[in-house]
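Residues in the sequence shown are numbered from 1 upward in steps of one, following UniProt numbering.
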Amino acid sequence: MNDYIEVIKKSIELSNVLKEGIDYIKETIVFREYGELDSLLEGIVDSVEYVEKALKPVFLEIKDNEYEKIIKDFQNSLNLLKDTLDNGDMDEAISFIEDNLSLKYEIWKKHLDSKLKKYTYC
1 MNDYIEVIKK SIELSNVLKE GIDYIKETIV FREYGELDSL LEGIVDSVEY
51 VEKALKPVFL EIKDNEYEKI IKDFQNSLNL LKDTLDNGDM DEAISFIEDN
101 LSLKYEIWKK HLDSKLKKYT YC
């Protein structure tokens, strides 16, 4: 597991920033500053894909069977948000972030922290 400590640390750091990104997207919608939305959401989607790929060998090594489903749920929610934004339904997007995406993020983040943080103190 020592081979993965830096990857784990960077992934946990990035996971913290993702929450800020989701909150910023919601704030951007509330204040009707739509210009940045596509690039913001695309950056979050790319970051989650990076974390997924970076941590795949780690979760295989610790024999965690839940991670793949949890991150896929989070990614699906991000894609649904993208579809909602593409349809121009900003009120629905805010509700979706509050009722779905934030919850999927919290589930993913909690799983990540509970399974991996212990390895960063080696």
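Even for Gly, the Cβ is constructed at its ideal location relative to N, Cα and C.
A quick note: this is a predicted structure, and the numbers were derived from the prediction, not measured.
What's the C-alpha gap between residue i and residue j?
i	j	result
V45	I94	18 angstroms
D91	I70	26 angstroms
S11	E68	15 angstroms
A54	V7	7 angstroms
Y49	F96	First, the residue type needs correcting, since residue 49 is Glu and not Tyr in the sequence shown. Using only the alpha carbons, I get a separation of about 21 angstroms.
D3	L60	14 angstroms
W108	E98	15 angstroms
T84	K72	18 angstroms
Leaving out the 5 sequence neighbours to the left and right, which residues in its chain are closer than 7 angstroms to residue i when beta-carbon positions are compared?
i	result
E36	T28
K9	T120
D64	K115
Drop a sphere of 10 angstroms on the beta-carbon of residue i, count the other beta-carbons inside from all chains shown, and report buried for 16 or more, exposed for fewer.
i	result
F31	exposed
K118	exposed
How close, in whole Å, do the beta carbons of residue i and residue j come, if the pair is a contact with beta carbons under 8 angstroms?
i	j	result
V58	L103	Not a contact, Cβ separation roughly 24 angstroms.
S39	L14	With a Cβ gap of about 17 angstroms, S39 and L14 do not count as contacting.
F74	Y105	6 angstroms
L41	L80	The pair is not a contact, with the Cβ atoms about 11 angstroms apart (cut-off 8 angstroms).
Got a sec? Which residues, its chain only, sit under 8 angstroms from residue i by beta carbon, not counting five neighbours each side?
i	result
Y121	none
E66	H111
G43	G21
Leaving out the 5 sequence neighbours to the left and right, which residues in its chain are closer than 6 angstroms to residue i when beta-carbon positions are compared?
i	result
K56	none
Within the stretch 67-103, ranges of the alpha helix (DSSP H) (whole runs, at least 4 residues): DSSP assignment within the stretch 67-103 yields the following whole alpha helix (DSSP H) runs of 4 residues or more, N-terminal first: 67-86 and 90-96.
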